[in-house]
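S.K.:
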Amino acid sequence: MSLASRLTVAVTITLAATSVQAQQHQQHGAKPDSASKPAAMQHDMKGEHMMSPWKEMDAFHGVLGGTFHPAADKGDFAPLKANAQTLADKAKAWAGSTAPAACATPENAKAVTTIAASTADLAEKVKGSTSDADLKAAITAIHDTFEVVEKSCTAKQSMKGMKH
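Quick note: the sequence shown uses my numbering, first residue 5, plus one each step.
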């Protein structure tokens with residue numbers, strides 16, 4: 005087989021493999037490797053989460069998604085370890101902000117304070133020799149607490165303007 009023929013076969017196989025991979029991604033909703041994107045851009049927002057009226061919550065959420073989902077879904081703790089301090093900083097900023105009326109409840113205030121303390125603790129754990137299992141438990145608890153606040157804020161926001 006000539007060099008030109010071998011090259012043609014190699015290119016054809018590569019193109020076919022790339023096409024199959026793209027089709028699988030499209031059909032199965034496969035997500036790209038989390039390490040290839042910045043943490044703030046990783047969270048899959050396929051209509052599952054609404055933007056809230058609280059910009060500091062949304063900023064925290066962007067980093068949370070890029071750290072929680074790789075750890076919980078794939079066992080990939082690299083994004084969490086690399087961005088734990090950023091997550092803690094976003095949580096601190098969120099806790100120091102004024103909640104919009106749609107989110108201003110004592111329960112949300114307590115939850116945001118808990119998240120700020122928990123993320124600061126997580127950032128310290130990442131610096132030490134904490135096991136991946138303990139890191140996963142910590143980020144899961146933070147995520148679960150976040151979702152309580154998120155649902156409270158977005159539910160009120162989505163009902164705004166509706167006639168009752």
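Glycine residues also receive a C-beta, built at the ideal position from the N, C-alpha and C atoms.
Computed from a prediction, not measured in an experiment: that's the story for all the values here.
#1: Out of Pro104, Ala99, Glu111, Cys157, which one is the CA nearest neighbour of serine 122?
#2: Rounded to the nearest angstrom, how far is the Cβ of valine 67 from that of threonine 90, given a contact under 8 Å?
#3: Cutting at 7 Å between CB atoms, please list the residues of its own chain near alanine 95, excluding the five before and the five after it.
#4: Determine whether the beta carbon atoms of proline 104 and proline 57 lie at a separation below 7 Å.
#5: Let me confirm a value: threonine 158 is counted as buried when at least 16 other C-beta atoms fall within 10 Å, else exposed. Which label applies?
#6: Determine the closest residue to glutamate 154 out of Asn112, Ala97, Lys131, with distance taken between C-alpha atoms.
#7: Give the secondary structure of glycine 66 by DSSP, where H, G and I count as helix, E and B as strand, and everything else as coil.
#8: Roughly how many whole angstroms lie between the Cα atoms of leucine 84 and alanine 106?
#9: Assign histidine 29 to buried or exposed, taking buried as 16 or more other Cβ atoms, counted over all protein chains shown, within 10 Å of its Cβ.
#10: Taking its Cβ as the centre, do 16 or more other Cβ atoms sit within 10 Å of glycine 69, making it buried, or is it exposed?
#11: Just to confirm before moving on: does the CB-CB distance between aspartate 148 and phenylalanine 81 stay below 7 Å?
#12: Where do the ends of the alpha helix (DSSP H) carrying proline 83 lie?
#13: Does DSSP put proline 104 in a helix, in a strand, or in coil?
#14: Alpha carbons only, please: which of Val130, Lys140, Asp138, Glu151 is nearest the one belonging to alanine 92?
#15: Please tell me whether lysine 85 has its Cβ less than 7 Å away from any Cβ of chain C.
#16: Give the secondary structure of proline 57 by DSSP, where H, G and I count as helix, E and B as strand, and everything else as coil.
M.R.: Put simply:
#1: Ala99
#2: The Cβ separation is near 5 Å, so the contact holds.
#3: Phe64, Ile119, Ala120, Thr123
#4: yes
#5: Around the CB of threonine 158, 16 or more other CB atoms lie within 10 Å, so the residue is classed as buried.
#6: Asn112
#7: helix
#8: 30 Å
#9: Residue placement at histidine 29 is flagged as unreliable, the pLDDT there being 40, under the threshold of 50; a coordinate-derived value is accordingly withheld.
#10: buried
#11: no
#12: Per DSSP, proline 83 belongs to the alpha helix (DSSP H) from 82 to 99.
#13: coil
#14: Val130
#15: Note that chain C does not occur in the displayed structure, where there is just one protein chain.
#16: In this structure, proline 57 counts as coil in the three-state DSSP scheme.
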